[in-house]
Amino acid sequence: GKPLLIIAEDVEGEALATLVVNSIRGIVKVCAVKAPGFGDRRKAMLQDLAIITGGQVISEEVGLSLEKATLDDMGTAKRVVVTKENSTIIDGAGRKEDIEARVHHEVVAMDAAAKTVTVRDLERGEEFTLGYGVLVLAAGGTPARPPIPGMELGGIFTLRTVEDGLAIREFLARERPRRAVIVGGGYIGLEMAEAFHRLGLETAVLEMLPQVLPNFDADMAGLVVEELERQGVAIFTEHPVEGFEGDGRVRQVAAAGQTFPADIALLAVGVRPNITLAREAGIALGPTGAVAVDDHLRTNLPDVYAAGDVAEVKHLVTGKPAYIPLGTTANKQGRVAGENAAGGDATFRGVVGTAVVKIFDLEAARTGLTEREAREQGYDVRAIKIQHGTRAHYYPGGSPLHVKLIVEGNGRLLGAQMIGREGAAKRIDVIAAALQAGWTVEELSRLDLSYAPPFSPVWDPILVAANVALR
């Protein structure tokens with residue numbers, strides 16, 4: 395009793411209509427469309443459709459004919475929408491594990507009017523055209539590479555992908571460097587400073603700004619600097635890099651009128667969205683320079699969505715677009731864009747910029763706005779800082795936790811930072827939830843948080859900070 399969709403290859407439209415009208419209509423409710431794609435791509439796309447619906451391609455090439463086909467050979471889907479121009483299969487019964495990921499394929503052009511993309515097979519060097527009904531742009535981001543003299547020298551790396559990490563590891567094993575210079579004092583730069591130091595390399599971090607960890611306030615970032623220097627990592631702020639020098643391989647880095655010996659250098663100065671394809675296709679960019687999207691992750695072009703590090707997000711504290719390239723955000727956006735591309739109606743409200751990093755024995759966590767960011771946005775700001783134990787004072791193993799709350803004059807919570815040897819990484823999630831709910835610091839102070847001596851004092855550091863803010 396279910397309707398039947400026929401997707402036919404190499405059949406003229408008139409013959410297909412005759413088949414439906416004369417042979418099938420009247421027996422079942424039926425719709426027939428011609429297969430998408432051209433040439434060899436048509437066969438591949440038919441196979442894709444079979445995978446999506448959990449069916450079989452019925453052709454003589456695989457030993458099947460329509461006369462011998464059974465219901466077990468048919469694919470199924472929750473819904474199919476057929477228009478004059480497009481056919482969309484929604485919630486097919488196929489297994490996602492069977493979908494082929496075409497790696498080493500690069501989309502080099504996009505024609506939004508024709509709804510096609512030009513794809514280059516990087517292994518064969520061939521190009522072909524694919525049509526689309528709905529497109530999700532998930533081009534990601536790429537490490538920023540400022541035009542610094544000497545960037546072409548060997549031994550200079552960026553770190554974004556697994557392949558990047560493997561290349562660094564192979565270089566370390568082969569060349570046995572003794573001295574490492576890291577350009578940039580953000581999350582990746584400081585994590586790699588720890589990694590190089592633990593491998594026995596003499597390590598220096600060069601940061602052009604007055605502080606490392608620019609997503610933290612300077613007073614909180616200073617606690618991390620103390621830990622890095624205690625471990626033996628040299629930190630140099632206000633040291634913009636002027637050039638890399640060497641004899642085919644990097645040997646030293648020039649910065650702020652000084653030279654720093656280097657057998658390996660890591661460039662970790664941020665991430666930029668991969669927007670070349672989007673810009674050339676006419677996809678609108680937002681004020682951050684990333685792709686502008688609405689709360690359904692739609693771009694300005696029909697049937698084109700964007701998600702992940704290529705796209706902007708809405709900051710739930712300010713209500714403004716922001717560029718916050720984090721894996722958590724990319725995963726959530728990908729789910730929403732995918733659901734909507736398949737005919738759903740999901741929304742992505744936005745983020746509050748929650749992040750955590752482990753540097754040697756410290757956990758450093760942040761969410762919302764820093765004091766500096768809040769003042770730059772024009773908020774009437776109060777900053778509250780406390781230091782409180784992570785466990786009951788009589789229970790062994792506790793340590794101080796530094797908490798900084800950023801509060802608007804009317805009591806609304808704007809952000810928080812926490813740094814300590816334990817307890818920062820997950821406590822920050824409490825503040826993230828409060829920010830997403832739009833709470834005041836008074837509402838935060840009323841939270842019913844858990845207590846047991848191994849995990850927290852009776853008054854958790856979050857509650858202590860909130861109560862200090864109410865004074």
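Numbers given in our numbering equal positions in the sequence shown, counted from 1, plus 394.
Glycine included, every Cβ here is placed at the ideal spot set by N, Cα and C.
Bear in mind that the values here come from a model prediction, so they are computed numbers and not experimental data.
Between the beta-carbon of Leu808 and that of Ala828 there is about 11 Å, and that puts the pair past the 8 Å contact cut.
Taken atom to atom, the span from the alpha-carbon of Asp611 to that of Gly805 is near 20 Å.
Taking Ile445 as the centre and dropping the five residues before and after it, the same chain places the C-beta of Gly488, Asp492 and Ile493 closer than 7 Å to its C-beta, in chain order. In chain order, Leu547 and Gly548 place their CB closer than 8 Å to the CB of Gly642, counting only its own chain and leaving out the 5 sequence neighbours on each side. Residue pairing from DSSP places Met504 in a beta bridge opposite Val511. Counting along the chain, Pro655 sits inside the beta strand (DSSP E) bounded by residues Gln652 to Pro655.
By the neighbour-count definition (other C-beta atoms within 10 Å, threshold 16), Pro537 is a buried residue.
Annotation for Gly640: Leu547 place their beta carbon closer than 6 Å to its own, counting only its chain and skipping 5 residues before and after. If one requires a minimum length of 4 residues, the alpha helix (DSSP H) runs lying completely within the segment 552-607 are 556-569 and 581-592, in chain order. Restricted to the segment 418-478, the beta strand (DSSP E) segments that are unbroken, complete and at least 3 residues in length are 424-428 and 471-476, listed in chain order.
In the DSSP assignment, Met545 falls outside any beta strand (DSSP E) and carries neither an H nor an E.
Tyr699 has Val530 and Arg692 as its beta-bridge partners, per DSSP. In the three-state DSSP reduction, Glu770 falls in the helix class (H, G or I).
Within the same chain, Lys798 come within 6 Å of Lys779 by CB-CB distance, once the 5 residues on both sides are set aside. Using a 10 angstroms sphere on the CB of Tyr788, the tally of other CB atoms stays under 16, which defines it as exposed. DSSP places Thr748 outside any beta strand (DSSP E), giving it a letter other than H or E. Distance from the CA atom of Asn734 to the CA atom of Thr512, rounded to whole angstroms, is 23 Å.
Per DSSP, reduced to three states, the secondary structure at Pro855 is helical. Ile778 is bridged by DSSP to Leu799. Setting aside the 5 residues that flank it on each side, Glu623 is surrounded in the same chain by Ile629, each with a C-beta closer than 7 Å to its C-beta; the list follows chain order.
For Ser839, the enclosing alpha helix (DSSP H) stretches over residues Val835 to Ser839. Assigned with DSSP and collapsed to three states, Ala846 falls in coil, not helix or strand. Looking at the DSSP output, Met812 sits in a beta bridge with Ala759 and Val797.
Looking only at Pro855, Glu770 and Gln830, the smallest Cα-Cα distance to Gln781 is reached by Pro855. Under the DSSP definition of a beta bridge, Gln646 partners with Glu639 and Pro655. Here His633 is not bridged, per DSSP, to any residue. Burial is judged here by how many other beta carbons sit within 10 angstroms of a residue's own beta carbon; His498 has fewer than 16 and is exposed.
For Val665, the enclosing beta strand (DSSP E) covers residues Val665 to Pro667. When the beta-carbon positions are compared, Gly747 and Gly762 come within less than 8 Å of each other. Bounds of any alpha helix (DSSP H) do not take in Asp492, whose DSSP letter is neither H nor E. Under the three-pair Cβ rule at 8 Å, the segment 829-844 does not count as touching the segment 764-771.
For Pro851, the CB contacts under 6 Å within the same chain, skipping 5 residues up- and downstream, are Gly783 and Ala786 in chain order. The alpha carbon of Thr682 has as its nearest neighbour, out of Glu706, Ala700 and Arg692, the alpha carbon of Glu706. Burial is judged here by how many other beta carbons sit within 10 angstroms of a residue's own beta carbon; Gly713 has fewer than 16 and is exposed. The segment 577-590 makes contact with the segment 655-664: 3 or more CB pairs, one atom from each, lie closer than 8 Å. For Leu691, the closest C-alpha among the options Val599, Lys509, Val427 and Val730 is that of Val730.
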